[in-house]
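Every letter in the sequence shown is one number past the one before it in my numbering, and letter 82, counting from 1, is 98.
Here's the structure we're looking at; comments come further down.
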Amino acid sequence: MNTKELYESYVIDSYGGRTHLALARGVGTRVWDEAGRSYLDFVQGIATNIIGHCHPLWVQRVSEQAAKLTHVSNLFDNALQGELARKLVEKAGPGKIFFCNSGAEANEGLIKLARLHGASLAGKEGVRYKVVGAQNAFHGRTFGSMSATPQEKIQKGFRPMLEGFAFGEFNNLASFEKLVDDSTAAVLVEVIQGESGITPATVEFLQGLRKLCTERGALLMTDEIQCGYGRTGKFYAFENYGIVPDALSMAKGIAGGFPMGAFWAAKPYCDLFHPGSHGTTFGGTPLACAAALAVLEVMEKEDLLTNVQKVSEVLHAGLRDLCAKYPELVVGVRGKGFHVALVAKDNLALVTALRASGLLAAPGGNGAVRLLPPLNASVGEITEALDIMGRTLSSMQGACRK
Ligand SMILES: Cc1ncc(COP(=O)(O)O)c(C=O)c1O
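Shown next, in the form of structure tokens:
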């Protein structure tokens with residue numbers, strides 16, 4: 017059986033938008049399929065391989081750790097988990113970190129934190145537990161994170177959802193003001209809505225939410241799973257807004273492609289958890305932490321935040337030029353840094369055509385063709401991607417006009 021046949025026979029068919037392109041190896045921004053054809057990879061595991069494929073230092077650190085100690089459980093300490101937590105806390109602010117394995121699980125932790133906070137305010141459970149989220153949000157596929165994701169295509173077939181969620185309109189502060197009340201424990205929003213097409217929060221909106229939450233005693237919790245960890249050119253996406261949330265979730269890029277999630281909770285909320293109140297077998301294993309520490313080491317050594325700030329300007333300018341040149345096909349650019357969407361009239365057709373031309377991009381909501389290069393992408397690689405997009409749009413336009 018070939019890979020496609022194996023998938024069709026043995027892998028549950030639950031992913032929308034999967035193409036049977038079998039990838040076999042990768043180096044940096046490039047991947048090769050089983051037939052040996054190479055692609056410039058601007059999907060990178062959906063914003064996950066933030067230092068590209070198989071960075072030599074990452075490979076070295078992960079290999080060394082795999083030969084030393086892989087997993088011990090959280091019944092024991094491991095120095096790498098402590099060190100990683102320290103580094104992430106230093107970047108976010110006074111507080112503590114909980115490590116888990118995925119984005120959805122990190123958001124589950126935030127929802128549990130909200131419940132603990134509400135119960136501590138009300139003096140008992142079950143009174144103050146509402147979480148106010150945003151329309152078009154995406155927070156994951158577990159029951160808590162799915163309940164926080166008010167989208168028909170995500171929830172259909174799985175109802176009833178967890179109770180206690182309400183949704184305002186993203187970037188409409190007044191709609192949140194109506195929902196955040198005495199029964200609200202927390203507000204949960206993506207700083208930049210990713211899956212629904214890369215829509216950044218406005219500064220007024222996020223600053224307004226910060227003030228609203230402080231006034232009404234609710235936690236402000238941000239989901240930085242897709243937009244955080246350097247992708248905007250700041251380490252955490254909230255740093256672009258002059259606010260600090262009370263808690264945030266991260267995953268995807270944290271271990272450069274190795275499964276890991278985490279949430280940070282500010283002091284004093286981090287102390288709402290007590291021994292026995294939360295846990296997971298694989299959270300913060302020595303191997304995952306070695307991978308994550310290698311990512312931070314590379315980010316620092318190669319000054320990747322500066323790279324994103326500088327090189328993303330070339331990407332954004334090039335995309336704007338493409339919109340000016342091919343207005344019948346592409347109509348706008350959204351996002352910040354290397355968290356970017358080229359907005360297309362038919363985004364699925366464009367993603368398919370780009371793949372045929374050797375560039376991998378990820379579709380998103382609202383017409384998005386998401387371009388998610390690793391944070392160490394060079395000007396040369398961005399220019400190469402823009403050239404591919406230009407050639408592809410030109411031939412699509414030619415085909416339309418025939
Ligand atoms: C903003 C956001 N939150 C949560 C998730 C869920 O993460 P995971 O797929 O690791 O569970 C995603 C995944 O795309 C995401 O983009």
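Positions of the beta carbon are idealized from the N, C-alpha and C atoms, including for glycine.
These numbers come from a predicted model, not from an experiment.
Using DSSP with H/G/I as helix, E/B as strand and the rest coil, what is A271?
Position 255 of the sequence shown, counted from the start, is the residue given in the question as residue 271. Of the three classes helix, strand and coil, the one that applies to A271 here is helix, per DSSP.
Exposed or buried, which one is R421 when buried takes at least 16 other CB atoms within 10 Å?
This structure does not reach residue 421, given that the chain is present from 17 up to 418, and the question cannot be answered.
Considering only the beta carbon of each residue, do E211 and F279 sit closer than 8 Å?
For the purposes of this step, residue 211 is identified with residue 195 of the sequence shown, where counting begins at 1. For the purposes of this step, residue 279 is identified with residue 263 of the sequence shown, where counting begins at 1. The answer is no: Cβ separation not under 8 Å.
Should the region 311-331 be called in touch with the region 386-395, which here means at least 3 C-beta pairs below 8 Å?
yes
List the endpoints of the continuous alpha helix (DSSP H) containing R144.
Looking up residue 144 in the sequence shown gives position 128. It is not in any alpha helix (DSSP H) - R144 carries neither H nor E in the DSSP assignment.
Per DSSP, which one or two residues make a beta bridge with A150?
The residue you call residue 150 lines up with position 134 of the sequence shown. BP columns for A150 point to G184.
With a cut-off of 8 Å, does the C-beta of S411 fall near any C-beta of chain C?
The structure shown contains no chain C, having only a single protein chain.
If you count every other CB in all the chains shown that lies within 10 Å of the CB of T64, and 16 or more means buried, which is it?
Taking the sequence shown and counting its residues from 1, the one referred to as residue 64 is at position 48. Counting Cβ neighbours within 10 Å, T64 comes out buried, since at least 16 surround it.
I'd like the span of the beta strand (DSSP E) that includes G111, first residue to last.
As a working mapping, residue 111 is identified with position 95 in the sequence shown. First-last of the beta strand (DSSP E) with G111: G111 to C116.
Can you list, in chain order, the residues of its chain whose CB lies under 6 Å from that of R41, leaving out five sequence neighbours each side?
Numbered from its first residue, the sequence shown carries residue 41 at position 25. These residues qualify, in order along the chain: W48.
Out of R157, A401 and L288, point me to the one whose CA is closest to A333's CA.
Taking the first residue of the sequence shown as position 1, residue 333 is located at position 317. A333 has its Cα closest to that of A401, out of R157, A401 and L288.
At 3 residues or longer, and completely inside the region 71-135: list those beta strand (DSSP E) runs for me, N to C.
Entirely contained in the region 71-135, the beta strand (DSSP E) runs reaching 3 residues are, in chain order, 111-116.
Taking 7 Å as the cut-off, is the C-beta of N123 nearer than that to any heavy atom in ligand 1?
The count along the sequence shown starts at 1 and reaches residue 123 at position 107. Flag set: Cβ of N123 near ligand 1.
Would the beta-carbon of E313 fall within 8 Å of that of L73?
For this step, residue 313 is matched to residue 297 along the sequence shown. For this step, residue 73 is matched to residue 57 along the sequence shown. For E313 and L73, yes; Cβs fall inside 8 Å.
With DSSP collapsed to three states, give me the class of F254.
The residue labelled residue 254 in the question sits at position 238 within the sequence shown. Residue state, collapsed to three classes: helix.
Quick test of your reading: A202 and A310, contact by CB under 8 Å. State the CB separation rounded to the nearest angstrom.
Residue 202 sits at position 186 when you count from the first residue of the sequence shown. Residue 310 sits at position 294 when you count from the first residue of the sequence shown. Wrong, their Cβ atoms sit about 33 Å apart, outside the cutoff.
What do you get for T35, buried or exposed, if any count of 16 or more other CB atoms within 10 angstroms of its CB means buried?
The residue you call residue 35 lines up with position 19 of the sequence shown. Looking at its Cβ environment, which holds fewer than 16 other Cβ atoms inside 10 Å, T35 is exposed.
Near I404, what residues of its chain come up, given a Cβ to Cβ distance below 8 Å and the 5 sequence neighbours on each side ignored?
Looking up residue 404 in the sequence shown gives position 388. Correct list, in chain order: L56, L370, S373, G374 and L375.
So which of L338, G381, G246 and Y26 has the shortest CA-CA distance to M266?
Indexing the sequence shown from 1 puts residue 266 at position 250. The shortest C-alpha separation from M266 is found at G246.
Going by other Cβ atoms of all chains shown within 10 Å of its Cβ, with 16 needed for buried, is L85 buried or exposed?
For this step, residue 85 is matched to residue 69 along the sequence shown. Classification for L85: exposed.
Under 7 Å from any heavy atom of ligand 1, does the C-beta of I28 make it?
One-based indexing of the sequence shown puts residue 28 at position 12. I28: no, Cβ never under 7 Å from ligand 1.
Just to confirm, does G272 get its C-beta within under 7 Å of one of the non-hydrogen atoms of ligand 1?
Counting from 1 along the sequence shown, the entry for residue 272 is found at position 256. Outside the cutoff, so no.
Would you say the beta carbon of Q325 is closer than 7 Å to some non-hydrogen atom of ligand 1?
For this step, residue 325 is matched to residue 309 along the sequence shown. For Q325, the shortest C-beta to heavy atom distance toward ligand 1 is 7 Å or greater.
Quick one: Cα of F254 to Cα of L235, how far?
For the purposes of this step, residue 254 is identified with residue 238 of the sequence shown, where counting begins at 1. For the purposes of this step, residue 235 is identified with residue 219 of the sequence shown, where counting begins at 1. Cα-Cα distance, rounded: 15 Å.
What does the alpha-carbon distance come out to for the pair V88 and V78?
The count along the sequence shown starts at 1 and reaches residue 88 at position 72. The count along the sequence shown starts at 1 and reaches residue 78 at position 62. Roughly 16 Å between the two C-alpha positions.
Using a Cβ-based criterion (distance less than 7 Å to any ligand heavy atom), does S191 qualify as near ligand 1?
Looking up residue 191 in the sequence shown gives position 175. S191: no, Cβ never under 7 Å from ligand 1.
May I have the straight-line CA-CA distance separating V205 from G383, to the nearest angstrom?
On the sequence shown, position 189 is the one that residue 205 refers to. On the sequence shown, position 367 is the one that residue 383 refers to. Roughly 21 Å between the two C-alpha positions.
Cutting at 8 Å between CB atoms, please list the residues of its own chain near V356, excluding the five before and the five after it.
Start at 1 with the first residue of the sequence shown, and residue 356 comes out as number 340. The residues are I214, S328, L331, H332, L335, V349, R350, R386, L387 and L388.
So, using beta-carbon positions, are E220 and L189 closer together than 8 Å?
Residue 220 sits at position 204 when you count from the first residue of the sequence shown. Residue 189 sits at position 173 when you count from the first residue of the sequence shown. Yes.
For a test of the three-state rule: what should DSSP assign to H290, helix, strand or coil?
In the sequence shown, the residue the question calls residue 290 occupies position 274. It is coil, neither helix nor strand.
Can you check whether the CB of G258 is closer than 8 Å to the CB of Q223?
Stepping through the sequence shown from its first residue, residue 223 is reached at position 207. Stepping through the sequence shown from its first residue, residue 258 is reached at position 242. It is a contact, given that the beta carbons lie within the stated cut-off.
Just to confirm, are G299 and F115 a CB contact at a threshold of 8 Å?
Within the sequence shown, the letter at position 283 stands for residue 299. Within the sequence shown, the letter at position 99 stands for residue 115. Closer than 8 Å, so yes.
Should I66 be listed as close to ligand 1, given that the test is whether its C-beta is under 7 Å from any heavy atom?
Along the sequence shown, read from residue 1 onward, the residue named residue 66 stands at position 50. Taking non-hydrogen atoms of ligand 1 into account, the C-beta of I66 is found less than 7 Å away from none of them.
For V148, count neighbouring C-beta atoms within 10 Å of its own C-beta (all shown protein chains included) and say buried if the count is 16 or more, exposed if not.
Taking the sequence shown and counting its residues from 1, one reaches residue 148 at position 132. Answer is buried; the Cβ neighbour count reaches 16.
What are the boundary residues of the alpha helix (DSSP H) that includes H355?
Reading the sequence shown from its first residue, position 339 is the one you call residue 355. Run containing H355: none in the alpha helix (DSSP H); it sits in the beta strand (DSSP E), H355 to A360.
Can you determine whether any heavy atom of ligand 1 sits closer than 7 Å to the C-beta of A164, and answer yes or no?
Against the sequence shown, residue 164 aligns to sequence position 148. Every heavy atom of ligand 1 is 7 Å or more from the Cβ of A164, so no.
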